Structure formats: structure tokens, C-alpha cells
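Have a look at the structure below, then the notes.
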Amino acid sequence: MPVNPALAVTVPAGVSLYRITAVSFNTPNAVHHKKVVNGMGARKSHAGARYNYGGVLTVYLADSVQTCLAEKMFYFQRKIVQQLDALHQPLSLGVPAFSGTCTLWDIRLKKPVPDVCHLTQASASAVGVFPSLMLNPSQDYEHLKDRRAFIESHGYNGIRAASSRSTTGGEIIVLFDDQSKNVDLDPYTIEFRLVTRTPVVPFANHLTELLNFTTGEVRFVGGHAAGHRELR
Amino acid sequence: MTTVPDFFQDESEEALRSQVEWQEQHLGLGDGFFARLLREDQRRFSSWARGADALTRDKEDVLRDWWRTVLHLLSFQNFDEERVRALLERTVPTGLPVGQSVFSPPWSGSSLKKYLENDGPDAIPQVSRWVESFTFGDPYAPPPKGSTCLSTRP
Numbered sequence: 001m002p003v004n005p006a007l008a009v010t011v012p013a014g015v016s017l018y019r020i021t022a023v024s025f026n027t028p029n030a031v032h033h034k035k036v037v038n039g040m041g042a043r044k045s046h047a048g049a050r051y052n053y054g055g056v057l058t059v060y061l062a063d064s065v066q067t068c069l070a071e072k073m074f075y076f077q078r079k080i081v082q083q084l085d086a087l088h089q090p091l092s093l094g095v096p097a098f099s100g101t102c103t104l105w106d107i108r109l110k111k112p113v114p115d116v117c118h119l120t121q122a123s124a125s126a127v128g129v130f131p132s133l134m135l136n137p138s139q140d141y142e143h144l145k146d147r148r149a150f151i152e153s154h155g156y157n158g159i160r161a162a163s164s165r166s167t168t169g170g171e172i173i174v175l176f177d178d179q180s181k182n183v184d185l186d187p188y189t190i191e192f193r194l195v196t197r198t199p200v201v202p203f204a205n206h207l208t209e210l211l212n213f214t215t216g217e218v219r220f221v222g223g224h225a226a227g228h229r230e231l232r
Numbered sequence: 233m234t235t236v237p238d239f240f241q242d243e244s245e246e247a248l249r250s251q252v253e254w255q256e257q258h259l260g261l262g263d264g265f266f267a268r269l270l271r272e273d274q275r276r277f278s279s280w281a282r283g284a285d286a287l288t289r290d291k292e293d294v295l296r297d298w299w300r301t302v303l304h305l306l307s308f309q310n311f312d313e314e315r316v317r318a319l320l321e322r323t324v325p326t327g328l329p330v331g332q333s334v335f336s337p338p339w340s341g342s343s344l345k346k347y348l349e350n351d352g353p354d355a356i357p358q359v360s361r362w363v364e365s366f367t368f369g370d371p372y373a374p375p376p377k378g379s380t381c382l383s384t385r386p
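What follows is the structure, given as C-alpha cells:
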């Protein structure tokens, strides 16, 4: 089955896309920054992710800052709740910090990426994707990993699909090839913090407070001297 | 802006030396640990660390694999070096059989540091899979049959 023009879209050049990584990618020398989009994180991962089996090169991007933050907040909350869950287990890592620092990348493609399969509720069935699993935020599915392999094998360069964690219609862009030679990008330091329900204040005590599972707080940390922090 | 030293993302031999030095200063891992991890003579490793000797390509690759896992551990613990150091040193009581719970890591009954020293390079992918199961996978998913740790796919 060749690329279906009715499903194919182009990810344009020069338009900001976003990705969040650990701060370990944010080096003073910008020559290392492009590793953020080389897809090797997925390639070296055993577990895989939403649209890739483990060991498969994949670059995940978001179409807006809001989408990117919504995706990251899901994993940030999940990691902290898991550490709370472990408190009485043999491997307790101690009470986790309820905040964390990451790097947000503003990424612009130098050349457009054509033939990206646009999955919508209306189009997904054309490539055998179940729309419900595409949109369900609770976990990753083998079905979507399998469909990505199918889509890639039919000549597409990526997938554009609804973010399962965005509540405003944001989309993620999943590219199948290394983009490190095809981007300009800039880093921004951001801090995530969990919050309580009502009143909405920083979550600080897991014994007495109720975590807000649908909201979190994000703060941009200044990029200049006053806000500069080096991990040595 | 929060940044890390350039050698965090560099894979050159010089960067490997800087990564080892950083781990010795910040995570309490000494030349003895690295020599045992690599199955290398400690004097030769120390000589390499000073830039006076060479390691085989295979052993350099083990150091690269281990550094990638260290970055995952740092990220997992929000770059809190004390927490990573504690994770390395703490002996985990034997609980559920390995693989039955995400909270029973591959080094149950030992410390992560001792596990790496005893099992050498073979331990690194096991540790990496364990930490990745928190970061990228679904740690509550049942392990695939025959797998010694949890992940979403063998």
C-alpha cells in the first residue's frame, strides 16, 4: 500500500515544535543540543513508548507548548505517585520531591518533512488504528506500536496524531528518522510542581493533602544570570 | 537556565574520563568500582583515568553504556546526587521474587553498587530496563515470560 495522499500531511519548516527532556541534554556547547532529536533515546530504550516498540528510532515532538507540558505533566505525576506507592516496599526511594526541573526545547525544522500520516478520528481506520486507543490517556498500547510499524512500512515518514493528554486538541508529531541535521533549536529551563485540589496550592504533604491529578504548575526559569544554575 | 557540563553529552575518550571523575566526586564511586564493573585490573584502570593508559574499545563502550544509565538514574531522582548515591549504596531486602513487582529490582538482596560490581557489564542493561520502566514504560505491567525485570516488551 503506497502513501495515501488523503492521509499525508507535511510538517512544515520554520514552525516551532516542542519537546521536553532531562536537563542532562542542556550543555553550554550547543553542538550537543541536536542529540535531543536524533531519536536515539527511543532506539536505546527497551520499553518503547506510545508509538514505538523498544529499539526503534523515533523522535517525539508536540505542536504547542501547552501540548508538550500536558504530555510531560502526565509522566511527571505518574513517576511521583509511583514513588509514593513504593514507600512501604522493599525498595523505597524515600518521599519524592513534588517538583522537578526539565528542559523545554523550541525546535524548528530546516526542511519540511513530507508524507506524515495524519491520524484523526475520521482517518485512523484507514490504517487500522482504533481511535479510542489513540485518545485514551491512561497507558501506552501495543496496538499503537504495531500500527506505527505498519504505517512506517508503507512509506510514511511519521505520524501526526491527537495528544491523548491535551484537553485543547493539541497534537503530537512522531518522526521516524533522525532529525539532528534538520533543526535549529533553543533550550528553556522549566520547573514542574504538583498542586492540591481546592485551594490550589503547592502539594507538600502526601499524608494529609489531596493531589490534583489533572493539573500541575509549570514555571519558566529565567535564562539569564539571575536564574542561571549550573550542575557541576 | 540549568545546564550540565559538555562532557555529559560527549562520547569521546576524554569525556569518558571526565564522566568517571564526576561519578567519583559526586556519586562516591571509586576506581575499584569501575575496575570491577569492567573486569579490569584496578591499576590499569587508574592509569587510564590519569590518561596514561588505554582501555579496549569494548571496555570504553561499557563505560558509555553505564554513563547513559547514570543519566537515567539522575533524571529519575531529579538530579539529586544524594538520592542517587543512596540508591547505589542501599541494600534492598529480599522481598518478592525478582520481576514479580517493580519494587523488587534486579539487585534484591544486594545493593545496586555491589550488583554492578558482581555481575559486571551484564548488569547494566538490567538496571537500565528497571529505571526505564518507571520513566518510559508501564512499571505495573506484568513482565514478559522469562524476563528478569519489568518492561512493556521483551
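Protein chains in written order, with my numbering: chain D, 1 to 232; chain R, 233 to 386. Cβ atoms here follow ideal geometry from the backbone N, Cα and C, with glycine treated the same way. Computed from a predicted model, the values in this text were never measured in an experiment.
Asked	Found
Contacts of Ser24/D in chain R (Cβ-Cβ under 7 Å)	Val236, Phe240, Leu303, Leu306 and Ser307
Run of the beta strand (DSSP E) containing Asn136/D, from where it starts to where it stops	Per DSSP, Asn136/D belongs to no beta strand (DSSP E) and is neither H nor E.
Partner residues on chain D for Arg361/R, Cβ-Cβ distance less than 8 Å	His46 and Ala47
Chain D contacts made by the region 265-281 of chain R, where a contact means CB separation under 7 Å	none
Cβ-based burial, Leu17/D [other Cβ within 10 Å; buried from 16]	buried
Separation of Pro199/D from Lys72/D, as counted between CA atoms	23 Å
Exposure of Thr101/D, with buried meaning 16 or more beta-carbon neighbours within 10 Å	buried
Short CB-CB distance (under 8 Å) between Asn350/R and chain D	no
Where Pro337/R meets chain D, residues with beta-carbon distance less than 8 Å	Leu91
Length of the line joining the Cα atoms of Thr301/R and Phe308/R	10 Å
Nearest-angstrom Cβ-Cβ length linking Gly39/D and Ala47/D, presumed shorter than 8 Å	Gly39/D to Ala47/D, Cβ: 15 Å. No contact.
Gln241/R to Val252/R span [Cα, whole Å]	13 Å
8 Å Cβ cutoff, His32/D in contact with chain R	yes
Segment limits, beta strand (DSSP E) that includes His118/D	Val113 to Leu119
Straight-line gap, Ser92/D to Ala267/R (C-alpha atoms, nearest Å)	29 Å
Ala13/D versus Asp238/R - alpha carbon distance	28 Å
Exposed unless 16 or more other CB atoms sit within 10 angstroms - verdict on Ala70/D	buried
Candidates Leu248/R, Glu272/R and Leu303/R: closest to Gly352/R by CA position	Glu272/R
Neighbour list for Pro353/R in chain D, Cβ cutoff strictly below 7 Å	Near Pro353/R there are no residues of chain D at all, since even the closest Cβ is about 15 Å away, more than 7 Å.
Any chain R beta carbon closer than 8 Å to Ala272/D	With chain D covering 1 to 232 only, the question about residue 272/D has no answer from this structure.
His88/D, buried or exposed, once every other Cβ within 10 Å from all chains shown has been counted against 16	exposed
Glu364/R: contacting residues in chain D (beta-carbon distance under 8 Å)	Ser45, His46 and Ala47
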